[in-house]
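Notes for the one structure printed next.
There are 2 protein chains.
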Amino acid sequence: MNAPTLYERLAIIGLGLIGSSLARAVMRYGIARHLVASDRDPKVLDRVKALGIAHSVEADPARAAADADLVVLATPIGTYAELGAAVAPALKPGAILSDVGSVKGAVIRILAPLLAPGIHLVPAHPVAGTEHSGPDAGFVELFENRWLIITPPPGADQTAVDRVAELWRRTGMRIEFMDAAHHDLVLAITSHLPHLIAYNIVGTADDLETVTKSEVIKYAAGGFRDFTRIAASDPVMWRDVFLNNREAVLEMLGRFTENLAALQRAIRWSDGVALEALFTRTRAIRRSIVEAGQADPEEEKRRQDAAEKAKTAARA
Amino acid sequence: MNAPTLYERLAIIGLGLIGSSLARAVMRYGIARHLVASDRDPKVLDRVKALGIAHSVEADPARAAADADLVVLATPIGTYAELGAAVAPALKPGAILSDVGSVKGAVIRILAPLLAPGIHLVPAHPVAGTEHSGPDAGFVELFENRWLIITPPPGADQTAVDRVAELWRRTGMRIEFMDAAHHDLVLAITSHLPHLIAYNIVGTADDLETVTKSEVIKYAAGGFRDFTRIAASDPVMWRDVFLNNREAVLEMLGRFTENLAALQRAIRWSDGVALEALFTRTRAIRRSIVEAGQADPEEEKRRQDAAEKAKTAARA
Numbered sequence: 001m002n003a004p005t006l007y008e009r010l011a012i013i014g015l016g017l018i019g020s021s022l023a024r025a026v027m028r029y030g031i032a033r034h035l036v037a038s039d040r041d042p043k044v045l046d047r048v049k050a051l052g053i054a055h056s057v058e059a060d061p062a063r064a065a066a067d068a069d070l071v072v073l074a075t076p077i078g079t080y081a082e083l084g085a086a087v088a089p090a091l092k093p094g095a096i097l098s099d100v101g102s103v104k105g106a107v108i109r110i111l112a113p114l115l116a117p118g119i120h121l122v123p124a125h126p127v128a129g130t131e132h133s134g135p136d137a138g139f140v141e142l143f144e145n146r147w148l149i150i151t152p153p154p155g156a157d158q159t160a161v162d163r164v165a166e167l168w169r170r171t172g173m174r175i176e177f178m179d180a181a182h183h184d185l186v187l188a189i190t191s192h193l194p195h196l197i198a199y200n201i202v203g204t205a206d207d208l209e210t211v212t213k214s215e216v217i218k219y220a221a222g223g224f225r226d227f228t229r230i231a232a233s234d235p236v237m238w239r240d241v242f243l244n245n246r247e248a249v250l251e252m253l254g255r256f257t258e259n260l261a262a263l264q265r266a267i268r269w270s271d272g273v274a275l276e277a278l279f280t281r282t283r284a285i286r287r288s289i290v291e292a293g294q295a296d297p298e299e300e301k302r303r304q305d306a307a308e309k310a311k312t313a314a315r316a
Numbered sequence: 001m002n003a004p005t006l007y008e009r010l011a012i013i014g015l016g017l018i019g020s021s022l023a024r025a026v027m028r029y030g031i032a033r034h035l036v037a038s039d040r041d042p043k044v045l046d047r048v049k050a051l052g053i054a055h056s057v058e059a060d061p062a063r064a065a066a067d068a069d070l071v072v073l074a075t076p077i078g079t080y081a082e083l084g085a086a087v088a089p090a091l092k093p094g095a096i097l098s099d100v101g102s103v104k105g106a107v108i109r110i111l112a113p114l115l116a117p118g119i120h121l122v123p124a125h126p127v128a129g130t131e132h133s134g135p136d137a138g139f140v141e142l143f144e145n146r147w148l149i150i151t152p153p154p155g156a157d158q159t160a161v162d163r164v165a166e167l168w169r170r171t172g173m174r175i176e177f178m179d180a181a182h183h184d185l186v187l188a189i190t191s192h193l194p195h196l197i198a199y200n201i202v203g204t205a206d207d208l209e210t211v212t213k214s215e216v217i218k219y220a221a222g223g224f225r226d227f228t229r230i231a232a233s234d235p236v237m238w239r240d241v242f243l244n245n246r247e248a249v250l251e252m253l254g255r256f257t258e259n260l261a262a263l264q265r266a267i268r269w270s271d272g273v274a275l276e277a278l279f280t281r282t283r284a285i286r287r288s289i290v291e292a293g294q295a296d297p298e299e300e301k302r303r304q305d306a307a308e309k310a311k312t313a314a315r316a
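Residue numbers (this note's numbering), protein chains in the order written: chain A, 1 to 316; chain B, 1 to 316.
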């Protein structure tokens, strides 16, 4: 039933939420003849073995990468410089180096200079996730019907790009290609700024003296709760996103702040017309997202069920 | 199986998401011998009749209120002055006037002066909702396990307060009592500011020239999507919330903006330590909310199923 094996030897470095979900998909869909998992945390590798989501584990990233057709970095971007320097000399001619980072311009700037000619850099970003981290949080359904963005550097090898696209297509993702700079701008508004805002509102609530923490928690269903989910995302991964997509995030943040000042003024001066106009406009966008199949309740339920099952299995 | 009838005649004015959900609960749990539904929109009353979620409908709010033991206003707060003036003279001695508004100080300031002695004002706020509006969007499970906040004015009649509390307890809500001013502060941070921020980020995304609307929609799963849900909430209701809770919202917004400026500075100067410290702290709050049973995935699923069923039934 499965399509033919795509890779002889595939290495995933970093078995967190995304890396371990990819590992599960590689195993389930028979994408590689041999999948080797590498992580600097020995406890993570023990879990990978226990979960059976790779053919072998290897603590040393260079040894994991040796002889691999494809190496996927799935660690926070702050590790790329050191990890790239360790892995690059081990790569065989014709090998592909890819990643799953949420920023792409910085990734190319860090990794490209480390690679010998004949090694193909194909940066990719699966736009999917949950607020949970670690190898136990992963699940194979995470990628279904979500978008993968590939940002091929100028002059990238088309065959290598196609092979990376096919890997992710088999996990259920829809594929898009984009210039790295444009990717970073799109993600700054659709992902990075939302996370920053969510972290900030949760932090603000946590600091209040007039409202107790237990009140914030009790009445979270009024809207606050939606923000706490993404404000529970991995701190180190997100620190590295902001450090590596500074310009685009500051640009979007500037616009956000400017608009917020206008809203503040509308509230202060009781400008109901301005408030209602904005609140009406934003409603249409939600409808478009639902129509684009990116917020289907049935699908979300299936995804959440799978995430829950993963967590329950991990506790068992 | 049901507890004894609580009210002889109960009037709900405004059959939107909350009003119609309450009507459904009143009918299902036999809370009133007679439930009369009133709405200024005749199409809404037609739907109420078709759905069978009230014993009778009445276009004129004063006639609906006449002879009622309890009248519940479930309309945007901007209508309270006019509606209160129409309803108040029709209320019989001993009747209770309550509401479901998201702001409580302003509600007391508007309604209290309109009421004759012997009429009991018991403002209440069910902290529950979805992004959908109208009589078809309501469902009886909306209130289950959520908090109702009652803000009795000074000198409120305890029997009247108890009767309103019991009504909501029978819908499955948990009851809390609070001073109106404190309520407005708590809700400013847990509900009003989150909505304002969500409206603002969705509006900001809508205005971009460098990123297309279709890109924003496609990649919404990166975090943006969580904001669009609450930014799809009823525009008029939310306009009225901000106009009527100005001071508390501006206070919370000031703190939010101050903290956001600090984050902006941390990004500009690559202060990874500050970013990681905040992102780690916010993670704990999510955990507390989950532990407090206010974000239980199983429960959310049941609630969402019920909301979906309501929508599907409405389309049929």
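The C-beta atom is built at its ideal place from N, Cα and C for all residues, glycine as well.
### Message
I want to know whether the region 192-208 of chain B touches the region 259-274 of chain A - three or more CB-CB distances under 8 Å.
### Response
yes
#### Entry: CA-to-CA distance, His182 (chain B) to Ser98 (chain B), given in whole angstroms
19 Å
### Query
Is the CB-CB distance between Val140 (chain A) and Arg63 (chain A) below 8 Å?
no
### Query
Rounded C-beta distance between Gly14 (chain B) and Thr75 (chain B)? I'm assuming under 8 Å.
4 Å
### Task
Find the nearest neighbour of Met252 (chain A) within the set B:Val122, B:Asp206, B:Val273 and B:Ser214, judged by alpha-carbon distance.
B:Asp206
### Query
Rounded to whole angstroms, how far is the Cβ of Thr159 (chain B) from the Cβ of Tyr219 (chain A), which I believe are closer than 8 Å?
Wrong, their Cβ atoms sit about 27 Å apart, outside the cutoff.
### Task
Identify which residue in B:Glu82, B:Val164 and B:Val57 has its Cα closest to the Cα of Pro126 (chain B).
B:Val164
### Query
Excluding five sequence neighbours on each side, which residues of the same chain lie with their C-beta closer than 8 Å to the C-beta of Ala81 (chain A)?
Ile110
#### Entry: Pro152 (chain A) - DSSP class collapsed to helix/strand/coil
coil
#### Entry: Proximal residues to Val122 (chain A) (C-beta, below 7 Å), its chain only, five neighbours per side dropped
Ile96, Ser98, Ile150, Pro152, Ala156, Ala160, Val161 and Val164
### Task
Please compile the residues from chain A whose C-beta is within a distance smaller than 8 Å of the C-beta of Glu131 (chain B).
Arg286
### Phe139 (chain B): contacting residues in chain A (beta-carbon distance under 7 Å)
The contacting residues do not exist; Phe139 (chain B) stays about 13 Å from chain A at best.
### Task
Answer yes or no: does any C-beta atom of chain A fall closer than 8 Å to that of Leu227 (chain B)?
As written in the sequence, residue 227 (chain B) is Phe, which differs from the Leu given in the question. Yes, Phe227 (chain B) lies at the interface with chain A (some Cβ there is under 8 Å from its Cβ).
### Query
Taking the alpha helix (DSSP H) that Phe177 (chain A) falls in, what are its first and last residues?
It is not in any alpha helix (DSSP H) - Phe177 (chain A) instead sits in the beta strand (DSSP E) that spans Arg174 to Phe177.
### Residue-chain proximity (Glu215 (chain B), chain C), Cβ-Cβ < 8 Å
Protein chains A and B are contained in the structure displayed, whereas chain C is not.
### Query
What do you get for Val273 (chain B), buried or exposed, if any count of 16 or more other CB atoms within 10 angstroms of its CB means buried?
exposed
### Cβ-Cβ distance between Ala68 (chain B) and Arg9 (chain B) below 8 Å
yes
### Message
Quick check: the Cα distance between Ile18 (chain B) and Val100 (chain B), rounded to an integer number of angstroms?
### Response
8 Å
### Query
Alpha carbon to alpha carbon, what distance is there between Asp305 (chain B) and Met1 (chain B)?
Confidence is the limiting factor: at Met1 (chain B) the pLDDT is only 47, short of 50, which leaves the residue's position unreliable, though a coordinate-based value still follows. Met1 (chain B) and Asp305 (chain B): Cα-Cα distance of roughly 25 Å.
### Task
Work out the CA separation of Arg283 (chain B) and Val87 (chain A) for me, nearest whole Å.
32 Å
### Message
Please list, in chain order, the residues of the region 199-215 of chain B that have any C-beta partner in chain A closer than 9 Å.
### Response
Tyr199, Asn200, Ile201, Val202, Gly203, Thr204, Ala205, Asp206, Asp207, Leu208, Thr210, Val211, Thr212, Lys213, Ser214 and Glu215
### Interface partners of Leu148 (chain B) on chain A, CB under 7 Å
Those do not exist, as Leu148 (chain B) stays about 11 Å from chain A at its closest Cβ, beyond 7 Å.
### Task
Could you give the DSSP three-state label for Ser56 (chain A): helix, strand or coil?
strand
### Query
Among B:Thr171, B:Ile12, B:Gly30 and B:Gly222, which residue has its Cα nearest to the Cα of Pro194 (chain A)?
B:Gly222
### Query
If you run the structure through DSSP and keep just helix, strand and coil, what is Arg40 (chain A)?
coil
#### Entry: Amino acids of chain A, ordered along the chain, whose beta-carbon sits closer than 8 Å to that of His276 (chain B)
With the sequence shown as reference, residue 276 (chain B) is identified as Glu, and His is not the correct amino acid for it. Those are Pro235, Val236 and Arg239, listed as they occur along chain A.
### Query
At what residues does the beta strand (DSSP E) containing Ser98 (chain A) begin and finish?
Ile96 to Asp99
### Query
Does the Cβ of Pro93 (chain B) have 16 or more other Cβ atoms within 10 Å, making it buried, or fewer, making it exposed?
exposed
### N-terminal and C-terminal residue of the beta strand (DSSP E) that Ile333 (chain A) is part of
Outside the shown range of chain A, which is 1 to 316, sits residue 333 (chain A), and nothing can be said about it.
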